[in-house]
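Visitor: Numbering (the working numbering), first residue to last: 1 to 128.
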Amino acid sequence: PRCLEPSRCYIIPQFGVLGAGNEFRVHSGRQAGGTVSLESVKKPGCFLRHRCGIIYLEPSDFSPLFDADASWSALPGLTSGTAASFSLRSVNYPDNWVTVRGTGLEACSIYDKSFKPADADFLVEPKA
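#1: Checking 8 angstroms against the spacing of the C-beta atoms, do D121 and G77 come in under that value?
#2: Span of the alpha helix (DSSP H) holding F66?
#3: Going by beta carbon distance, what residues of the same chain come within less than 7 angstroms of S59, once the five residues before and after it are set aside?
#4: Under the assumption that A107 contacts N92 (Cβ atoms under 8 angstroms), give the Cβ distance between them as a whole number of angstroms.
#5: Could you tell me which residues DSSP pairs with R51 in its beta bridges?
#6: Name the residue from S114, S90, L105 whose alpha carbon lies nearest to the alpha carbon of A70.
#7: Can you tell me where the beta strand (DSSP E) holding N92 begins and where it ends?
#8: What residue range is occupied by the uninterrupted beta strand (DSSP E) comprising S28?
#9: Please name the residue in F86, A74, V36, L65 whose C-alpha comes closest to that of P52.
#10: Report buried or exposed for A74, applying the criterion of at least 16 other Cβ atoms within 10 angstroms of its Cβ.
#11: So what's A120 in DSSP terms, helix, strand or just coil?
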């Protein structure tokens, strides 16, 4: 998907609203295998990571668990199936996808009854 090389971009839900401060620098994943990691522009050194089904913005503790929790497979959007949008799948819990809930993010299993593919579709807006 666009903007998923090392760069600065806004992560924008295709459907729904995400709270302020959603600007991230995209890095090669903290775990190998073609993954990506998202570092906050406002809080350098803090990455999006999942824990207990919730997405947190936290500084790295340099553990293998943190590296896995903060690495995502960026795949074509679940609703569009094209590179126009993308979805982020957890590396170490591959049934879980980053989804928008209210104005926040959570890691939701595709087997959860509340899972909606549209909540897992994101767009990017490149920044200079």
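Built from N, CA and C at the ideal position, the CB exists for glycine as well.
Guide: Well, looking at it:
#1: Yes, these two residues count as a Cβ contact at 8 angstroms.
#2: 64–69 is the extent of the alpha helix (DSSP H) around F66.
#3: Correcting the residue type first, residue 59 is Pro in the shown sequence and not Ser. If we look at P59 and ignore the five residues flanking it on each side, its Cβ neighbours are G45, C46.
#4: In fact, because the Cβ distance is near 10 angstroms, the residues do not count as touching under 8 angstroms.
#5: Under DSSP, the beta-bridge partners assigned to R51 are I54.
#6: Of the residues S114, S90, L105, the one whose Cα lies closest to the Cα of A70 is S90.
#7: Here N92 belongs to no beta strand (DSSP E), and DSSP marks it neither H nor E.
#8: For S28, the enclosing beta strand (DSSP E) begins and ends at 23–28.
#9: It is worth fixing the name first, because residue 52 is Cys in this sequence and not Pro. Comparing C-alpha distances from C52 to each of F86, A74, V36, L65 shows the shortest one belongs to L65.
#10: Buried: at least 16 other Cβ atoms inside 10 Å.
#11: A120: helix per DSSP, three-state reduction.
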